[in-house]
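Undergrad:
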Amino acid sequence: MGPQTRKNPMTQLLYDGSVKRVRGTQGVSPYWFDYSDDYSVFDWGKMPNSIPKKGESLYRMAFSFFNHFAKPESFSSPTDDLKKWVDSDFLDELALKGVPSHHLPEHQEKHPSWLPVLPLEVEHPVQKGPENWSYTQEKPTSWRLLPLEVIFRFGAPQGSSLFKRLTPEYAGILGISPDVTPGSMFSRPVVEFSTKLEDKDRYISEEESARIALLSNSELQRVKKTSLVLAEKLREMFDQIGILLWDGKFEFGYRFVNGVCELMIVDSIGIDELRLSLDGFPISKECLRQYYRQSAWKKAVDAAKAQVKKDGGDWKELVLKRYGQTPEPLPPKLVESVSQMYKQVADGIEATCSGSDFDLKPLNDLTKTIQHLLKKQGDNS
Numbered sequence: 253m254g255p256q257t258r259k260n261p262m263t264q265l266l267y268d269g270s271v272k273r274v275r276g277t278q279g280v281s282p283y284w285f286d287y288s289d290d291y292s293v294f295d296w297g298k299m300p301n302s303i304p305k306k307g308e309s310l311y312r313m314a315f316s317f318f319n320h321f322a323k324p325e326s327f328s329s330p331t332d333d334l335k336k337w338v339d340s341d342f343l344d345e346l347a348l349k350g351v352p353s354h355h356l357p358e359h360q361e362k363h364p365s366w367l368p369v370l371p372l373e374v375e376h377p378v379q380k381g382p383e384n385w386s387y388t389q390e391k392p393t394s395w396r397l398l399p400l401e402v403i404f405r406f407g408a409p410q411g412s413s414l415f416k417r418l419t420p421e422y423a424g425i426l427g428i429s430p431d432v433t434p435g436s437m438f439s440r441p442v443v444e445f446s447t448k449l450e451d452k453d454r455y456i457s458e459e460e461s462a463r464i465a466l467l468s469n470s471e472l473q474r475v476k477k478t479s480l481v482l483a484e485k486l487r488e489m490f491d492q493i494g495i496l497l498w499d500g501k502f503e504f505g506y507r508f509v510n511g512v513c514e515l516m517i518v519d520s521i522g523i524d525e526l527r528l529s530l531d532g533f534p535i536s537k538e539c540l541r542q543y544y545r546q547s548a549w550k551k552a553v554d555a556a557k558a559q560v561k562k563d564g565g566d567w568k569e570l571v572l573k574r575y576g577q578t579p580e581p582l583p584p585k586l587v588e589s590v591s592q593m594y595k596q597v598a599d600g601i602e603a604t605c606s607g608s609d610f611d612l613k614p615l616n617d618l619t620k621t622i623q624h625l626l627k628k629q630g631d632n633s
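If you count the sequence shown from 1, you need to add 252 to reach the working numbering.
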């Protein structure tokens with residue numbers, strides 16, 4: 253069979269998520285991230301509407317961030333704060349090498365709206381009991397997904413999971429006050445680690461993080477320092493377009509070459525992986541969560557999840573069959589406004605990366621429109 257009769261490997265679906273689809277041939281480089289216009293809230297899966305151009309906007313953000321971080325000159329002028337948080341030798345190294353990612357720009361022209369990426373090995377842990385997982389004991393010599401999510405926090409906005417976990421002892425470990433209140437910004441960002449490949453993510457100590465990833469303490473600190481630098485660069489970039497960065501997460505690939513641990517940033521970076529606000533209003537799909545928060549469907553979701561936690565079963569089936577609820581479609585005006593919000597942020601990031609000017613007014617006007625629509629929905633519920 254000649255090549256011309258083979259199915260196009262770029263169209264083979266390997267994974268179908270709520271934010272992006274992964275296409276390609278299993279184990280063959282590159283894979284392709286096909287960003288979706290669909291969205292999911294409250295773990296429901298695909299919602300009734302799609303958001304036009306959302307996928308394209310997320311693709312543009314990921315492309316811009318990965319390319320920007322790969323350039324050494326992006327790290328040539330660290331902020332004064334960054335110089336306090338990270339040693340100068342590490343900053344000098346980034347200014348010489350940049351931070352690589354799994355993005356493969358040499359393949360970009362083959363499909364200009366999908367992001368080509370390097371496939372990574374994924375070593376899934378084996379569950380031995382409740383919160384007892386066995387991880388591989390073989391260090392990777394080719395690129396493997398680090399089994400951790402790295403969470404950075406510049407502050408603690410309303411609804412942050414940090415409030416549920418913050419004890420005086422843990423606050424001391426993080427270097428923040430145990431009396432932190434919603435809306436507080438920290439004097440320096442904090443970094444936390446959670447599991448990535450277990451059936452439910454759990455926050456873990458640095459010691460456990462190093463153990464399950466087969467890293468020494470100094471190698472884990474390198475992950476942490478890289479995350480701090482990238483987080484500060486993101487904060488700078490969003491600040492230039494009038495947006496406040498509260499927190500977010502990074503994922504990494506890693507391998508050992510001649511005993512040295514190498515890192516690359518993987519997955520995606522965009523407003524759905526970050527918590528952002530403009531004049532106190534969330535810039536992400538959080539505004540869509542707000543639309544549904546007082547709905548009969550959301551109340552049924554909460555009731556079903558509580559029942560399943562106690563009795564077991566499928567909470568989504570309970571919502572559909574016992575409570576007879578499905579999410580209602582979004583109003584067309586809200587769909588249009590949220591679509592434009594994603595596009596405006598992508599425009600702003602591209603402008604920042606290229607050193608161009610960006611007009612903040614359209615984004616400010618959009619957030620006011622969305623707030624008005626959400627208030628109208630709240631008044632009607």
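Glycine included, every Cβ here is placed at the ideal spot set by N, Cα and C.
Keep in mind that this is a model prediction, so the values were computed, not measured.
Would residue 716 and residue 302 be called neighbours here (beta carbons separated by less than 8 Å)?
TA: Because the chain is modelled from 253 through 633, residue 716 falls outside the range shown and cannot be assessed.
Undergrad: Indicate whether the contact test is met: 3 or more Cβ pairs, each with one atom in the segment 585–603 and one in the segment 611–628, closer than 8 Å.
TA: These segments touch.
Undergrad: Cα separation between residue 404 and residue 622?
TA: Cα to Cα, the separation comes out at about 28 Å.
Undergrad: Helix, strand or coil: how does DSSP classify residue 575 here?
TA: The answer is coil: DSSP assigns residue 575 none of H, G, I, E or B.
Undergrad: Inspect the CB distances between the segment 514–524 and the segment 489–505 and report whether three or more fall short of 8 Å.
TA: Enough Cβ pairs lie closer than 8 Å, so yes.
Undergrad: From what residue to what residue does the alpha helix (DSSP H) around residue 528 run?
TA: From DSSP, residue 528 is part of no alpha helix (DSSP H) but of the beta strand (DSSP E) over 526–530.
Undergrad: Under 8 Å: do the segment 569–588 and the segment 464–477 share three or more Cβ pairs, one atom per stretch?
TA: With a cut-off of 8 Å, the segment 464–477 and the segment 569–588 do not count as touching, because too few Cβ pairs lie within range.
Undergrad: Since residue 546 is in the beta strand (DSSP E), which residue starts that stretch and which ends it?
TA: Element bounds for residue 546: n/a, residue is neither H nor E.
Undergrad: Over the uninterrupted beta strand (DSSP E) stretch that includes residue 360, give me the two end residues.
TA: Segment: none, residue 360 is in no beta strand (DSSP E) and carries neither H nor E.
Undergrad: Have a look at residue 327 and residue 560 and give me their C-alpha separation to the nearest angstrom.
TA: So the two alpha carbons sit approximately 49 Å from each other.
Undergrad: Can you give me the Cβ contacts of residue 350 inside the same chain, cut-off strictly under 6 Å, excluding the 5 residues immediately before and after it?
TA: Once the five neighbours on either side are set aside, the close Cβ partners of residue 350 are 322, 323, 324.
Undergrad: Keeping to the same chain, check which residues put their C-beta closer than 8 Å to that of residue 399; ignore five residues upstream and five downstream.
TA: If we look at residue 399 and ignore the five residues flanking it on each side, its Cβ neighbours are 375, 377, 387, 447, 448, 449, 464, 465.
Undergrad: Please state the DSSP three-state secondary structure of residue 254.
TA: Residue confidence for residue 254 is low, a pLDDT of 34 falling below 50, so the modelled location carries little weight and cannot support an answer.
Undergrad: In terms of residues, what are the limits of the alpha helix (DSSP H) holding residue 445?
TA: Note, residue 445: premise wrong, no alpha helix (DSSP H); beta strand (DSSP E) at 436–447.
Undergrad: Can you find the residues in the same chain that come closer than 6 Å, C-beta to C-beta, to residue 605, ignoring five residues on each side of it along the sequence?
TA: Within the same chain, residue 605 has close Cβ partners 316, 320.
Undergrad: If contact is defined by three or more beta carbon pairs under 8 Å, each pair taking one atom from either stretch, is the segment 432–439 in contact with the segment 403–422?
TA: Cβ pair count under 8 Å is three or more, so yes.
Undergrad: DSSP three-state call for residue 645: helix, strand or coil?
TA: Examination of residue 645 is not possible in this model, given that the chain is present from 253 through 633 alone.
Undergrad: Rounded to whole angstroms, what is the Cα-Cα separation between residue 402 and residue 591?
TA: The straight-line gap from Cα to Cα measures roughly 28 Å.
Undergrad: What is the DSSP secondary structure of residue 534, reduced to helix, strand or coil?
TA: Of the three classes helix, strand and coil, the one that applies to residue 534 here is strand, per DSSP.
Undergrad: How long is the line joining the alpha carbons of residue 629 and residue 583, rounded to whole angstroms?
TA: Cα to Cα, residue 629 sits roughly 10 Å from residue 583.
Undergrad: Rounded to whole angstroms, what is the Cα-Cα separation between residue 292 and residue 544?
TA: Approximately 11 Å, taken between the alpha carbons.
Undergrad: Applying the 10 Å Cβ sphere with the 16-neighbour rule, what's the burial state of residue 483?
TA: Looking at its Cβ environment, which holds 16 or more other Cβ atoms inside 10 Å, residue 483 is buried.
Undergrad: Report the partner residues of residue 512 according to the DSSP bridge assignment.
TA: DSSP, once it has assigned bridges, lists 509 as partnering residue 512.
Undergrad: Leaving out five residues before and five after residue 539 in sequence, what residues of the same chain have Cβ atoms less than 7 Å from its Cβ?
TA: These residues qualify, in order along the chain: 590, 622, 626.
Undergrad: Please classify residue 500: is it buried, with 16 or more other beta-carbons within 10 angstroms of its beta-carbon, or exposed?
TA: Looking at its Cβ environment, which holds 16 or more other Cβ atoms inside 10 Å, residue 500 is buried.
Undergrad: So, is the C-beta of residue 354 closer than 8 Å to a C-beta in chain C?
TA: Here there is only one protein chain, and chain C is not present.
Undergrad: Determine the direct distance from the alpha carbon of residue 425 to that of residue 494, and round the result to whole angstroms.
TA: Approximately 32 Å, taken between the alpha carbons.
Undergrad: At 3 residues or longer, what runs of the beta strand (DSSP E) sit wholly inside the segment 584–609?
TA: None, since the segment 584–609 contains no complete beta strand (DSSP E) of that length.
Undergrad: When we look at the beta-carbon of residue 478 and count the other beta-carbons within 10 Å, is it buried (16 or more) or exposed?
TA: Buried is the call here.
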